[in-house]
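As structure tokens, the structure follows; a few thoughts come after it.
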Amino acid sequence: MKKALVIVDVQNDFVDGALGTKEAREMLPRLVEKLKKVVEEKSADIYFTVDTHKENYLETQEGRLLPVEHCIKNTDGWKIVPELGEFVKKAKDVVEKKTFGATRLPALLKPYEEIEFVGLCTDICVVSNALLVKAFYPETLITIDAECCAGVTREKHIAALLTMQSCQCQIKNFPEGEK
4 MKKALVIVDV
14 QNDFVDGALG
24 TKEAREMLPR
34 LVEKLKKVVE
44 EKSADIYFTV
54 DTHKENYLET
64 QEGRLLPVEH
74 CIKNTDGWKI
84 VPELGEFVKK
94 AKDVVEKKTF
104 GATRLPALLK
114 PYEEIEFVGL
124 CTDICVVSNA
134 LLVKAFYPET
144 LITIDAECCA
154 GVTREKHIAA
164 LLTMQSCQCQ
174 IKNFPEGEK
């Protein structure tokens, strides 16, 4: 089965920067282990997305509703965390996205029979990209590894997982007692 693994927005600003969370920091070692295994086994093609804003971020609709400057292109906060650097070099593509969903992703992911999503934040960009791709490819297996995602809060993480499950995405490693 031809598989893609999409790592969504694991950038400095979402781990320990402007919008960083304890959940993101705790998830990162699990994601590194997962990626090591994927590379070793050559079990999936790897893609990254990066949240990408301009310096006028606060003037945008998103910036007015979430007035925290983050992921401004070419800043340290915009960069993918150093722990994932070796995997970025092995990626098929790094997709910049100016909004929650990466509109270039569906075309890149067309040839795959399974597309797995991991990353940040479960309740914003992971859910947006998983459902965007599911809308394009309703018969493709879309999976989310819950242990390698983190939401803004644990409650929002669970809510997003349930939403994706309701939309016929398969959730791997659903947190115990939360289904």
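Throughout, the working numbering is defined as the position within the sequence shown, counted from one, plus 3. Just so it is clear, CB atoms sit at the ideal spot from N, CA and C, and this is done for glycine as well. All values reported here derive from a predicted model rather than from experimental measurement.
Residues of its chain near residue i, where Cβ-Cβ distance is below 7 Å and the 5 sequence neighbours each way are ignored
i: Arg28; result: Val18, Asp19
i: Glu58; result: Ile75
Classification of residue i by the beta-carbon crowding that lies within 10 angstroms, buried from 16 upward
i: Thr106; result: exposed
i: Gln64; result: exposed
i: Lys54; result: In the sequence as presented, Lys is not what sits at residue 54; that position holds Asp. With 16 or more other Cβ atoms within 10 Å, it is buried.
i: Gly80; result: buried
i: Lys25; result: exposed
i: Lys93; result: exposed
Close Cβ partners of residue i (< 6 Å) along its chain, the five nearest in sequence each way excluded
i: Asp48; result: Ala7, Lys95
i: Thr125; result: Cys152, Gly154, His160, Ala163
i: Gln173; result: Thr146
Residues that DSSP places opposite residue i in a beta bridge
i: Val97; result: Phe51
i: Lys39; result: Paired residue(s): none; Lys39 is not in a bridge.
C-alpha distance - residue i paired with residue j, whole-angstrom precision
i: Val13; j: Ser46; result: 21 Å
i: Val98; j: Ala133; result: 15 Å
i: Thr166; j: Val121; result: 15 Å
i: Glu62; j: Glu43; result: 44 Å
i: Thr52; j: Arg67; result: 23 Å
i: Asn77; j: Glu119; result: 27 Å
i: His56; j: His73; result: 7 Å
i: Pro178; j: Leu34; result: 16 Å
i: Val71; j: Gly23; result: 11 Å
Same chain, Cβ closer than 8 Å to residue i, neighbours up to 5 away in sequence not counted
i: Pro114; result: Lys5
Three Cβ pairs or more, each shorter than 8 Å: is that satisfied between the region 150 to 165 and the region 104 to 118? Segments in contact, no.
Touch test, the region 138 to 145 against the region 33 to 40, Cβ-Cβ under 8 Å, three pairs minimum: These segments do not touch.
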